[in-house]
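Residue numbers (the working numbering), protein chains in the order written: chain A, 311 to 432; chain B, 311 to 432.
Beta carbons are placed, not taken as given, at the ideal position from N, Cα and C, and that holds for glycine.
Bear in mind the structure is a predicted one, so any value in this text is a computation, not a measurement.
To start, the structure under review is shown below, and the notes come after it.
Protein chains: 2
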Amino acid sequence: MHNEQPFANKPQKMERFLEICLLMLLYKQVGYGYALMEKLSIYGFTPEDMNIGSLYRTLRKLEDQGLVSSVWEEATQGPKRRVYAITERGKESLHSWIPTLRERKTRIGQLIDSYERIIMEK
Amino acid sequence: MHNEQPFANKPQKMERFLEICLLMLLYKQVGYGYALMEKLSIYGFTPEDMNIGSLYRTLRKLEDQGLVSSVWEEATQGPKRRVYAITERGKESLHSWIPTLRERKTRIGQLIDSYERIIMEK
DNA sequence: CCCTACTATATGCATATTGAATATAGCTTG
DNA sequence: CAAGCTATATTCAATATGCATATAGTAGGG
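What follows is the structure in structure tokens.
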């Protein structure tokens, strides 16, 4: 079942950064949960503080929303993997997040700047 | 009752951006809930998508953690206000968030950059 | 004086999200 | 065949959230 109001990205909803990073990784290349977990370090998610259970749940949620699709694949070694690919809908979603990310980056910069300014004064 | 492990800021825990913004606003100047809500627009929180109930609860949570303190104050007009001030502990917490914010800003930049690069190629 | 609207804070409730632990199972190595 | 790794998934309890509503003082119009 898909979300009916697809790309209403509220600027402050950045808890969803994990979802966006996953879409980005899958935009570059298909991947499966366990490997994606390691790739997430690029975006500051460390394996120690990452919750693997949450990662799998997030991937399934993205699939429920139709942003990614998955197939079971035999591994050359080790157990089968559920390999995810981004969908057209997922690409559109990622695209729609970019302005929000820009905005958030600016806001964080502003906050850092105003903090610096205050310490300078004191 | 205060949190026993005070400043363990996990990098991905940026849902807490609201808390950080509130600490920043209160670092600059004391303030009360209703007015802080409007000031939050500086950091991208719009009144429409802001949940006023959540804001008050967040302020109380910060107070429980000892990061802010509050007193009731008569207003020159209108009902009484619970005016919040940042505590020393709150200042330390804000300070400890700055490196995390820098990191997050960098990560967001990276994500935007890699997105741009991919679209260019296609 | 009464009605309405606004300022201001707070809570109740149902739902959503999360962390931590555990389950399941196949594969690999000795 | 036992231990350890890869890989996915689920359960449960604790938190967090959105939305609606409660409370109450103040202000202005009629």
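Going by beta carbon distance, what residues of the same chain come within less than 8 Å of residue i, once the five residues before and after it are set aside?
i, result
"A/E373", "S379, S380 and Y394"
"B/G341", "L335, K349, V393 and Y394"
"B/Y382", "Before going further, note that residue 382 of chain B is Trp rather than Tyr in the sequence given. Excluding positions up to five away in sequence, the list reads K390, R391, R392 and V393."
Is DSSP giving residue i helix, strand or coil here?
i, result
"A/M430", "helix"
"A/A385", "coil"
"B/G341", "strand"
How should residue i be labelled, buried or exposed, when 16 other C-beta atoms within 10 angstroms of its C-beta is the threshold for buried?
i, result
"A/W407", "buried"
"B/I429", "exposed"
"B/E329", "buried"
"B/G388", "exposed"
"B/S403", "buried"
Expressed to the nearest angstrom, what Euclidean distance is found between the alpha-carbon atoms of residue i and residue j?
i, j, result
"A/T386", "A/L335", "22 Å"
"B/Y366", "B/L377", "14 Å"
"B/P409", "B/F355", "22 Å"
"B/R391", "B/R399", "23 Å"
"A/R414", "B/S351", "12 Å"
"A/T416", "B/T416", "11 Å"
"B/I396", "B/Y337", "6 Å"
"B/S424", "A/H405", "12 Å"
"B/A345", "A/A345", "46 Å"
"B/S384", "B/Q339", "Here the sequence assigns Glu to residue 384 of chain B, which means Ser is not the residue at that position. If you take the alpha carbons of B/E384 and B/Q339, they lie about 18 Å apart."
For residue i, tell me which candidate among the options has the shortest Cα-Cα distance.
i, options, result
"B/I422", "A/Y353, A/E431 and A/I422", "A/Y353"
"A/E426", "B/R412, B/E431, B/L369 and B/Q375", "B/R412"
"A/K371", "A/Y344, A/L332 and A/S424", "A/L332"
"A/F327", "B/A345, B/E384 and B/Q420", "B/Q420"
"B/K401", "A/K401, A/K432 and A/E384", "A/K432"
Which residues in the same chain as residue i place their Cβ atom closer than 7 Å to its Cβ, once the five residues preceding and following it in sequence are excluded?
i, result
"A/M347", "P357, M360, I362 and L365"
"A/I418", "none"
"B/G343", "L365, Y366, L369 and R392"
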